[in-house]
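Notes to accompany the following structure.
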Amino acid sequence: MIYKPRQQKLLRWIALFLVGTFLQLLFYMPTPVLSQNSSICSNITAPLTPEEQIYARGAWQYFVKNYQPATGFTNSTGGYPSGTLWDMGNYLMALNAARSLNLTDQADFDTRLNKFLTTLSSLKLFEDTLPNKVYNAATAQMVDYGNNPLERGIGWSALDVGRILTAFDVIRTCHPQYNEWLKGIVAKWQVARSLKDGQLFGATVLPDNKTLLVQEGRLGYEEYGARGYQLWGFSAPKAIAFEPFNLVEINGVQIPVDTRDFKSTNANNYVVSESYILDGIEFGLQGELADFAARVLDVQKRRYDNTGQLTAVTEDNIDQAPYFLYNTVYANGVNWATITDANQPYPQFRSISTKAAFGWRYLFPDNAYAQKVFDAVKDLRSPDDSGYYAGIYEESKQPNKALTGNTNGLILEILYYKAKGNHPLIASTSVSVSTGKPSENASPATASNQPNSTVTTPTANQPNPTVTTLTATPADISKITEVTVAPIPPVDSPKPSSQMKMARPLTVIERRYAEAAWRYFQANYHSKSGLIDDRSDFKGATLWGLGDYLAALHAARLLDIITPKEFDQRTRHLLAALTKLPLFAKELPGRGYDTRSLQPVDYGGNPLPEGNGWSALDLGRILAALYNLKTCHPEYTAAVDKIVLDWSYLRVVREGILSSAITAKDQDGRSLTRVNPETRLGYEEYAARAFQLWGFNLEHSAIGGEYQTASLEGVKVPIQRRRTDTNSKVNQYTVSNPFLLYALEFGLDPQMRSLFEPIFQAQAERYRRTDTLTASATTLIDRKPYTVHSTITGKGEPWAALADDGQTVPKGRLVSTAVAFAYHALLPENKYSQELLQGTTDLYNPLAGFYEGFYEATGKTAIGFTSSTNSMILQSLLYKVMNRQPLIRPTTTMNSPWWAAVSKSDSGRGLPNTTTQQIKLISDSSGSYWVSGSENTRLVTGTKVTE
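Structure follows, in structure tokens:
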């Protein structure tokens, strides 16, 4: 009896505990959610074709037939009730795609997702930390890979966690009603336990039952997995970085390979297609990652070219033992290895992967090989409508009849990506993309269609841009709205023009080069705005870059790289976009624009509603291109003249000098505009010639006068013009780019020749002295400092490599691909120009264009793709087949809206004073070139550069 009060008290405590537990469960029980698609996800801009709808329905049937109603999960393979977190992520992606593509209705979507999340919320976790590596899909029990129940589990996979975190982000973006539920699930997981030293760590159970944390991920999947973590605020900078890797040559292509191989780490360093495909459709390929992906596709094409065997390799289930294989481009020292996870070879089971073929086809829609391999698998569905088979065995040519959620889920994701107009699925949360070693602190370049990436890359192709670091927050950048520009109405039928006569067709090799260069303008075209990015890793354009594009468009048409229809469509689209660009101070186009929104930005991509001035040099570049367009394609004359008549030239042309405007803030924070003369050597002369085509008097900016020289390699190299008309800061460096562009478009008049020849000769002499190929230019690369001036002389030093801020870039000198092509076009018989061409002709990616060049010090390719380089290559090839005639041709008529407006004289826009051009095209024994009436150039020795 003495214990009765204690027993009653204990019973009361137990009752209170049970009530509390019940209430806790009640309040934390997820409430079923009914969602509607977010407009950002339901915006289908490129609806599936009837054939593509068949593909999508076929893939969705896999999930219909492998659904587990008790858990809401789906089988990872046909009829086998097992699934990893990666498989669950695949299903969520497939479910979202199916809803967005109207393969299922809203009620079914909500039923499926509510059941899935309810089960996921209650999963037993490995050591109460993270989901186990695998679960029984029918019962949600923790199991091993043989689907045998295990009370403790077998560990977790960090890569699988990254996959499902990415899928969670897509769901919360497209169906925001589920956001809180997903946040609760992630909060319950101890995600931070899978991160250590900036890397991803999985957990495995040792034979002695101890838990061991193991670094997970190799090049490709490691970066992909880390980006999933980043979407939810978990940072893994070392995992995001590409290092450590080397380039391994396979079938003539340098393939990036993780140096952590099976021998040294007991983990495979396989190179497969899927990681790059996932990154492309979900995050957008850009920068070095885009280059790596293009290489991985290209090497598979090369294998096909060499062997006749269609190749699309990645990891896949197979329909016989050992049931899962990695079909690789490279793994653990072996090319085209087909291995198990334990590195056991099974080359007899190498297969063409269905999901890889689908992925490459829609990531690179213009690639002929991707289309060919896609055609081989696009109808590889099971006859009982259970989904797509995994692939086709190379050796037996028989289908690999494995049916998997991975294959069918990825197909649905890919088709959804296509329906969104090839826009990546992740477009609402900040992620980083590696461009190098984490220790370098290199800021990430902008992901393709990734508005919330933190960007620090400059965008200007102009000679000396002011680089500003982008510091915009996600809230700032989320305001970017991609505008749709309607092309100008169709113009008259092409009018005959005798201006462009080909002396010969392109050779087979030259055509390959031209097609490769044009790839840049295919890969970086904004189908809504009609603009082209100045560089592939940045969504921005300058007028200089748009001039490059127009010149490339003209060359591609004349070289028969594009059809008349494509030329007309792109030209009308670009002309329409030019009319929509906001003008700085309502006078002239500004220094930079976002290629999606058409809004003014600085060279770092920061929005500037009022703009930051104009560049006379950029205006010269676009004026030259517009002039040639209406001369060689007269049907566009009215549209071109309408654009340039909207501009005011009162402040850009002053007393025979070109001037540019910049903005700066004073001590009171006011934004002030300052207009200063242009003095950059070569660029000023080029731009002045362009303005002279339109009748402007630029006698003090055009070629002529006295030029100071420096003694370099025994040659007197021009370093600046002697000026009495301005106190502006003089030229700080001499590079080849503007002189080559001048020579290609305007020819080498005697005055320009006196500058051009010593610049070339100095580079040739350096090569003879040091055996170092030299093609000095301003080039754009994918990492800090982003712009490198590999000078002939800069800041008083010979062969200096300078950043925009004038700081030396150690080992930064590049051999420019564009410069090599241009010198060979202009001086085809010169032995040194032949050496240059031979050293650079294969520096291209057939899917992305020509690289900027290679580093003098290491010989490594300089990763970077720009409109400037690829435009100059196309112009160089055109120059060759035009019998080395200047690419700018004279007008045959002065009867146009421009000259009519000039004749009225009182326009208030600073138009020319006379209705005559200031230059003319002449020919003599030295060739054809444009010249004005009074030009005289003297070289004045003034400086000796110490070598």
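Position 752 of the sequence shown, counted from 1, bears residue number 751 in numbering that gives the first Met the number 0, the numbering being contiguous throughout.
Here a beta-carbon is modelled for each residue, glycine too, at the ideal position from N, C-alpha and C.
Owing to the predicted nature of the structure, the values given are computational and were not obtained by experimental measurement.
Beta-carbon gap between residue i and residue j smaller than 8 Å
i, j, result
"Ile791", "Glu851", "no"
"Val372", "Ala292", "no"
"Val252", "Val270", "no"
"Trp180", "Leu122", "no"
"Ile249", "Asn331", "no"
"Thr816", "Thr733", "no"
"Asn407", "Gly386", "yes"
"Val674", "Ser700", "no"
"Arg679", "Gly704", "no"
"Leu47", "Leu100", "yes"
"Ser870", "Ala513", "no"
"Asp384", "Gln67", "no"
"Thr118", "Phe72", "yes"
"Arg294", "Ile254", "yes"
"Gly805", "Gln731", "yes"
"Thr630", "Lys538", "no"
"Gly283", "Thr203", "no"
Three-state secondary structure assigned by DSSP to residue i
i, result
"His788", "strand"
"Val466", "Low local confidence applies: a pLDDT of 28 at Val466 is under 50, so the model's placement there is unreliable, and no value is given."
"Gly279", "helix"
"Ser492", "coil"
"Gly390", "strand"
"Ser870", "helix"
"Gln198", "strand"
"Thr594", "coil"
"Asn627", "helix"
"Ala847", "coil"
"Thr947", "With the chain covering 0 to 946 only, the question about residue 947 has no answer from this structure."
"Lys564", "helix"
"Trp155", "strand"
"Gly219", "coil"
"Pro236", "helix"
"Glu314", "strand"
"Asn675", "strand"
"Lys810", "coil"
"Lys400", "strand"
Residues bridged to residue i (per DSSP)
i, result
"Met141", "Tyr134"
"Tyr416", "According to DSSP, Tyr416 bridges with nothing at all."
"Leu212", "Ala202"
"Gln956", "In the structure displayed, the chain extends from 0 to 946; residue 956 sits before or after that span and is not available."
"Pro344", "Ile338"
"Tyr329", "Val270, Asn334"
"Ile919", "The identity of residue 919 in the sequence shown is Lys, whereas the question assumes Ile. Looking at the DSSP assignment, Lys919 forms a beta bridge with Val930."
"Lys187", "Paired residue(s): none; Lys187 is not in a bridge."
"Ile531", "Tyr524"
"Lys664", "Ser670"
6 Å CB neighbourhood of residue i in its chain, flanking five on each side removed
i, result
"Ala369", "Trp359, Arg360, Phe363"
"Leu424", "Val169, Glu281"
"Gly88", "Arg162, Ile163, Ala166"
"Pro223", "A small correction: the amino acid at residue 223 is Tyr; Pro does not occupy that position in the sequence shown. Counting only Cβ-Cβ distances below 6 Å, and skipping sequence neighbours, we find Ser274, Leu277, Asp278."
"Val818", "Ser735, Ala774, Ala776"
"Lys527", "Glu481, Thr483"
"Lys300", "Tyr368"
Own chain, CB closer than 7 Å to residue i, minus 5 neighbours either side, in chain order
i, result
"Asn342", "Phe261, Asn267, Asn331"
"Phe348", "Ile317, Leu324, Thr337, Tyr392"
"Glu744", "Ala623, Pro885, Leu886, Ile887"
"Ala97", "Trp59, Thr103, Leu411"
"Gln874", "Ala550, Ala554, Leu743, Leu886"
"Thr860", "Leu842, Tyr850, Phe853"
Chain-order list of residues whose beta-carbon lies under 8 Å from that of residue i (same chain, five-residue window excluded)
i, result
"Leu379", "Thr353, Tyr387, Tyr388, Gly390, Ile391, Pro398"
"Arg768", "Glu712"
ask   = Do the stretch 629 to 645 and the stretch 701 to 721 make contact, defined as three or more Cβ pairs closer than 8 Å?
value = Fewer than three Cβ pairs drawn from the stretch 629 to 645 and the stretch 701 to 721 lie within less than 8 Å of each other, which leaves the two stretches out of contact.
ask   = Below 8 Å, can you find three or more Cβ-Cβ pairs linking the stretch 837 to 846 to the stretch 754 to 767?
value = no
ask   = Are three or more beta carbon pairs between the stretch 76 to 90 and the stretch 138 to 154 nearer than 8 Å?
value = yes
ask   = Does the count of Cβ pairs from the stretch 607 to 621 and the stretch 578 to 592 closer than 8 Å reach three?
value = yes
ask   = Is there contact between the stretch 152 to 159 and the stretch 205 to 222, where contact requires at least three CB pairs shorter than 8 Å?
value = yes
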